[in-house]
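Undergrad: Count along the sequence shown from 1, add 482, and you get the number used in this note's numbering.
C-beta: ideal position from N, C-alpha, C; glycine also.
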Amino acid sequence: MHTELENAFELVGRAAVVTGAASGIGRQAAVTFAQAGADVVVADVSAAGLEETAALVRKQGRTATVVPTDVSDRSAVDRLAQAALDAHGRIDVWANVAGVIRYAPIVDTSEDELDLILSVNVKGTYWGCAAAARAMTARGSGSIINVASAGMDSATPGISCYAMSKSAVAMLTRTLAAEVAPHGVRANTVSPGWVPTGMTAHYWTNEDGTVDEARQRQMYADRAATAPLNRIGEPSDIAWAMLYLAADASRFVTGQILRANGGVAMV
């Protein structure tokens with residue numbers, strides 16, 4: 483028999499949707515939700531990466547539904563929601579993890595770069611929130627989890643578009659939480675600190691695709707030194723925070739920003 487504590491963190495009998503699930507934090511979130519008992523619908527623009535994630539979910543004994551999705555396309559996100567409902571008849575957790583980053587000073591940023599970041603990070607999260615909210619408010623329960631970034635809490639040269647987009651995600655979450663709370667639905671944001679993923683790998687990847695291990699070690703050390711905990715994050719650190727927000731353990735938590743960042747920003 484499960485204890486009250488175990489029940490608070492399990493997702494048995496629930497269905498979760500994870501965007502950006504082909505790699506990095508999105509992949510780890512999908513696997514972690516499955517480990518907690520959820521069946522998972524995985525979405526991303528990378529079909530090959532999704533199949534790899536789906537295999538990892540199935541290794542946990544849960545079902546995985548693969549839905550290639552460009553989150554910047556509202557109709558595609560609506561189709562994703564319908565696919566989840568068709569597969570499971572319900573959506574209990576929706577995690578908007580899909581995101582992109584580009585590096586350039588403000589004076590050198592192109593309109594195409596700005597449009598890309600806003601279309602994926604802001605519009606993609608917005609459409610995900612809308613689709614999830616429609617399904618969840620109809621049932622009277624659910625948890626929506628958005629992903630921001632520690633980049634929104636400090637002025638870092640070169641990532642103006644990204645930081646701006648993640649600040650928008652945080653405010654979107656608060657507004658959404660206020661709108662859906664009367665219907666029994668919660669909305670929160672996880673704001674990760676620096677985590678090595680495909681999004682950050684360019685720092686130590688050579689032009690030919692090989693890894694410069696010395697540069698990688700130095701980057702890890704430099705980033706760890708900025709955090710009071712003196713370490714960098716791992717995808718699992720963020721996924722566990724997301725599990726807390728997905729599960730009943732956080733049933734009294736909504737409209738919040740959970741900063742899983744090693745103490746880099748204490749707001």
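For Ala490, collect the residues of the same chain with a Cβ closer than 7 Å to its Cβ; drop the 5 residues on either side in sequence, then sort them by chain order.
TA: Taking the first residue of the sequence shown as 1, we reach residue 490 at position 8. Closer than 7 Å at the Cβ level, and outside the excluded window around Ala490, lie Ala729, Asp730 and Ala731.
Undergrad: Measuring only the C-alpha atoms, how far is Ala512 from Thr535?
TA: Along the sequence shown, one-based indexing puts residue 512 at 30. Along the sequence shown, one-based indexing puts residue 535 at 53. Roughly 8 Å between the two C-alpha positions.
Undergrad: Label Ile588 either buried or exposed according to how many other C-beta atoms from any shown protein chain fall within 10 Å of its C-beta, with 16 as the threshold for buried.
TA: Position 106 of the sequence shown, counted from the start, is the residue given in the question as residue 588. So Ile588 ends up on the exposed side.
Undergrad: Quick check on the burial criterion: 16 or more other C-beta atoms within 10 angstroms. Buried or exposed for Val604?
TA: Along the sequence shown, one-based indexing puts residue 604 at 122. Counting Cβ neighbours within 10 Å, Val604 comes out buried, since at least 16 surround it.
Undergrad: Identify, in the order they occur along the chain, each residue of the same chain with its Cβ nearer than 7 Å to the Cβ of Gln517, setting aside the five sequence neighbours on each side.
TA: Translated into positions along the sequence shown, residue 517 becomes position 35. Result list for Gln517: Gln542, in chain order.
Undergrad: Assuming Ser636 is part of the alpha helix (DSSP H), what are its boundary residues?
TA: Here residue 636 refers to the residue found at position 154 of the sequence shown. From DSSP, Ser636 is part of no alpha helix (DSSP H); its letter is neither H nor E.
Undergrad: For the segment 706-726 against the segment 637-650, do three or more pairs of beta-carbon atoms, one drawn from each stretch, fall closer than 8 Å, so that the two count as touching?
TA: Too few Cβ pairs lie closer than 8 Å, so no.
Undergrad: Span of the beta strand (DSSP E) holding Arg741?
TA: Numbered from its first residue, the sequence shown carries residue 741 at position 259. It spans Ile739 to Ala742 - the beta strand (DSSP E) in which Arg741 sits, taken as one unbroken run.
Undergrad: Looking at C-beta atoms only, is the number of pairs between the segment 702-712 and the segment 567-575 that lie closer than 8 Å three or more?
TA: With a cut-off of 8 Å, the segment 567-575 and the segment 702-712 do not count as touching, because too few Cβ pairs lie within range.
Undergrad: Suppose contacts are defined by Cβ-Cβ distances below 9 Å. Is Gly624 in contact with Ile583 by that definition?
TA: Stepping through the sequence shown from its first residue, residue 624 is reached at position 142. Stepping through the sequence shown from its first residue, residue 583 is reached at position 101. Contact: no.
Undergrad: How long is the line joining the alpha carbons of Ser673 and Glu689, rounded to whole angstroms?
TA: By one-based count along the sequence shown, residue 673 stands at place 191. By one-based count along the sequence shown, residue 689 stands at place 207. Cα-Cα distance, rounded: 30 Å.
Undergrad: So, are the CB atoms of Ser528 and Gly606 less than 9 Å apart?
TA: Against the sequence shown, residue 528 aligns to sequence position 46. Against the sequence shown, residue 606 aligns to sequence position 124. The answer is no: Cβ separation not under 9 Å.
Undergrad: Based on the DSSP secondary-structure assignment, which residues constitute the bridge partners of Gly624?
TA: For this step, residue 624 is matched to residue 142 along the sequence shown. Beta-bridge pairing links Gly624 to Val667.
Undergrad: Tell me where the alpha helix (DSSP H) around Pro550 begins and ends.
TA: Taking the first residue of the sequence shown as 1, we reach residue 550 at position 68. Run containing Pro550: none in the alpha helix (DSSP H); it sits in the beta strand (DSSP E), Ala546 to Pro550.
Undergrad: In angstroms, rounded to a whole number, what distance separates the CA positions of Ala669 and Val735?
TA: Counted from its first residue, the sequence shown places residue 669 at position 187. Counted from its first residue, the sequence shown places residue 735 at position 253. Spanning the two alpha carbons is a distance of roughly 8 Å.
Undergrad: I'd like the ranges of any beta strand (DSSP E) spanning at least 3 consecutive residues and lying wholly in the segment 653-705.
TA: Listed in chain order, the complete beta strand (DSSP E) runs (minimum 3 residues) inside the segment 653-705 are 667-674.
Undergrad: So who's on the other strand from Asp521, going by DSSP bridges?
TA: Position 39 of the sequence shown, counted from the first residue, corresponds to residue 521. Beta-bridge pairing links Asp521 to Ala497.
Undergrad: Tell me the rounded alpha-carbon separation between Tyr644 and Ile599.
TA: On the sequence shown, residue 644 is found 162 positions in, with the first residue counted as 1. On the sequence shown, residue 599 is found 117 positions in, with the first residue counted as 1. Taking the straight line from one Cα to the other gives about 7 Å.
Undergrad: In three-state DSSP terms, what is Asp526?
TA: What you label residue 526 is simply residue 44 of the sequence shown in a count that begins at 1. Asp526 falls in the strand class under three-state DSSP.
Undergrad: Quick check: what's the CA-CA separation for Val549 versus Arg540?
TA: Stepping through the sequence shown from its first residue, residue 549 is reached at position 67. Stepping through the sequence shown from its first residue, residue 540 is reached at position 58. Cα-Cα distance, rounded: 15 Å.
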